[in-house]
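Everything on this sheet refers to the single structure shown next.
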Amino acid sequence: TPAHASIVNESIIAFNFSVNDNSQLLMRNCSLYANFSGAHVLINTTLNVLLRTLTTINVSNLEDGIFNWNVRCYDQSNNSNFSENFSLRINVDGPVISSPMFNRTYINQFDSIRFNASIVDALGVSSASMALIYPNGSMVTLPLSKNSNEYYVVFSDTFQIGAYNVSYIWANDSLGRQTNDSRFIVSF
71 TPAHASIVNE
81 SIIAFNFSVN
91 DNSQLLMRNC
101 SLYANFSGAH
111 VLINTTLNVL
121 LRTLTTINVS
131 NLEDGIFNWN
141 VRCYDQSNNS
151 NFSENFSLRI
161 NVDGPVISSP
171 MFNRTYINQF
181 DSIRFNASIV
191 DALGVSSASM
201 ALIYPNGSMV
211 TLPLSKNSNE
221 YYVVFSDTFQ
231 IGAYNVSYIW
241 ANDSLGRQTN
251 DSRFIVSF
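Heads up: take any position in the sequence shown, counting from 1, add 70, and you land on the numbering used here.
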């Protein structure tokens with residue numbers, strides 16, 4: 071474990087496996103291989119692995135992404151074999167929202183204005199929206215459209231005189247992890 075094609079929401083993962091061998095009771099070593107850094111490389115090795123016993127190799131500080139992993143074991147005669155390949159989706163963090171802004175700081179009544187923010191996620195962003203507060207205090211949630219990593223909305227409902235504020239920006243990644251960001255109070 072983790073099972074093939076599973077989704078893990080933690081940055082510390084226990085990779086569990088057991089080994090069978092026809093001739094011996096103890097494997098010399100078993101190693102975890104994965105592509106956490108891009109290339110499929112050796113991650114960690116454990117020595118003297120008992121047959122048919124659950125063995126764990128822990129890996130920490132993993133980033134969000136889709137990865138492949140497998141295990142290679144050597145017996146006492148130096149024969150080796152790889153396990154089958156497994157895929158894994160790590161989804162610890164929600165999307166990162168940055169650089170929210172309006173395209174202008176001053177407008178006339180009934181002008182159109184554009185709001186945009188950069189939103190990125192290793193597994194993709196499935197939806198984004200923002201909460202706009204009108205000068206009279208009423209609020210509306212507007213979905214954001216996508217252009218590369220920029221998410222935006224153009225609106226022309228600017229008949230009220232006063233400050234328009236964005237109080238929240240929401241974004242969901244492709245696996246459902248959400249970011250609600252209220253650090254950005256942007257107004258025009």
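Glycine is no exception: its CB is placed at the ideal position from the N, C-alpha and C atoms. What you are looking at is a predicted structure, and each value in this text was computed from that prediction instead of being measured.
DSSP beta-bridge partners of residue i
{"i": "L158", "result": "S76, F137"}
{"i": "V129", "result": "I83"}
{"i": "I239", "result": "M200, D251"}
{"i": "T211", "result": "A201"}
{"i": "A187", "result": "Y221"}
{"i": "V89", "result": "The partner list for V89 (beta bridge, DSSP) is empty, contrary to what the question assumes."}
{"i": "S168", "result": "S188"}
Spatial distance of residue i from residue j (CA atoms)
{"i": "L95", "j": "S218", "result": "55 Å"}
{"i": "L121", "j": "A73", "result": "20 Å"}
{"i": "S244", "j": "I183", "result": "29 Å"}
{"i": "T123", "j": "R98", "result": "14 Å"}
{"i": "N90", "j": "N151", "result": "11 Å"}
{"i": "T228", "j": "W139", "result": "53 Å"}
{"i": "V129", "j": "E154", "result": "19 Å"}
{"i": "I127", "j": "A201", "result": "44 Å"}
{"i": "Q179", "j": "F225", "result": "12 Å"}
{"i": "N250", "j": "Q230", "result": "27 Å"}
{"i": "F185", "j": "Y222", "result": "5 Å"}
{"i": "E80", "j": "Y204", "result": "39 Å"}
{"i": "G108", "j": "F137", "result": "9 Å"}
{"i": "I160", "j": "N235", "result": "35 Å"}
{"i": "Y103", "j": "K216", "result": "36 Å"}
{"i": "L132", "j": "I77", "result": "13 Å"}
{"i": "N86", "j": "S101", "result": "11 Å"}
{"i": "E220", "j": "A241", "result": "12 Å"}
{"i": "T71", "j": "G246", "result": "22 Å"}
{"i": "S147", "j": "N92", "result": "12 Å"}
{"i": "N105", "j": "N206", "result": "53 Å"}
Collapsed DSSP secondary structure at residue i in the structure displayed
{"i": "Q318", "result": "The structure shown does not extend to residue 318, since the chain is modelled only from 71 through 258, so no value can be given for it."}
{"i": "D163", "result": "coil"}
{"i": "A109", "result": "coil"}
{"i": "L102", "result": "strand"}
{"i": "A201", "result": "strand"}
{"i": "T116", "result": "strand"}
{"i": "Y144", "result": "strand"}
{"i": "L121", "result": "coil"}
{"i": "F229", "result": "coil"}
Status (buried if at least 16 other CB within 10 Å, exposed otherwise) for residue i
{"i": "R174", "result": "exposed"}
{"i": "G232", "result": "exposed"}
{"i": "M209", "result": "exposed"}
{"i": "Y176", "result": "exposed"}
{"i": "P213", "result": "exposed"}
{"i": "I82", "result": "exposed"}
{"i": "V111", "result": "exposed"}
{"i": "A187", "result": "buried"}
{"i": "L158", "result": "buried"}
{"i": "D181", "result": "exposed"}
The stretch 155 to 166 contacting the stretch 183 to 196, beta-carbon criterion three pairs below 8 Å: yes
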